[in-house]
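Here our numbering is used: position 7 in the sequence shown is 15, and no number is missing along the way.
Here a beta-carbon is modelled for each residue, glycine too, at the ideal position from N, C-alpha and C.
Below is one structure, written out as structure tokens, with a few remarks after it.
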Amino acid sequence: MKTTLEIPQELFRDAKSTAAKRGITLKTLFTEALEDKLRGPDKPQSQAAFKYYGALSNLHEENRMILKEIESEFGQVDASEWK
């Protein structure tokens, strides 16, 4: 369902930043936050395992760069040294 909400600009920026850090959409962040709020303190949910969910999503690019560097180095090894 689509709806329009007015929220303070600073809160929106924080939400957008948090969603990006967690590697999730803003829609997912708002949905989770609303579900947590509606659940209330008397309906606990174990979130410990998901505390850092999406925190490493930025490593895709770093992994690609590392693999490229490894390939570059191994491409320079003299095959005669491996006999």
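C-beta atoms of residue i and residue j nearer than 8 Å
{"i": "A27", "j": "L19", "result": "no"}
{"i": "R21", "j": "A63", "result": "no"}
Chain-order list of residues whose beta-carbon lies under 6 Å from that of residue i (same chain, five-residue window excluded)
{"i": "E48", "result": "Reading off the sequence, residue 48 comes out as Gly, not Glu. Around G48: no qualifying Cβ."}
Close-in-space but distant-in-sequence residues of the same chain around residue i (CB under 7 Å, 5 per side omitted)
{"i": "T33", "result": "A27"}
{"i": "E40", "result": "none"}
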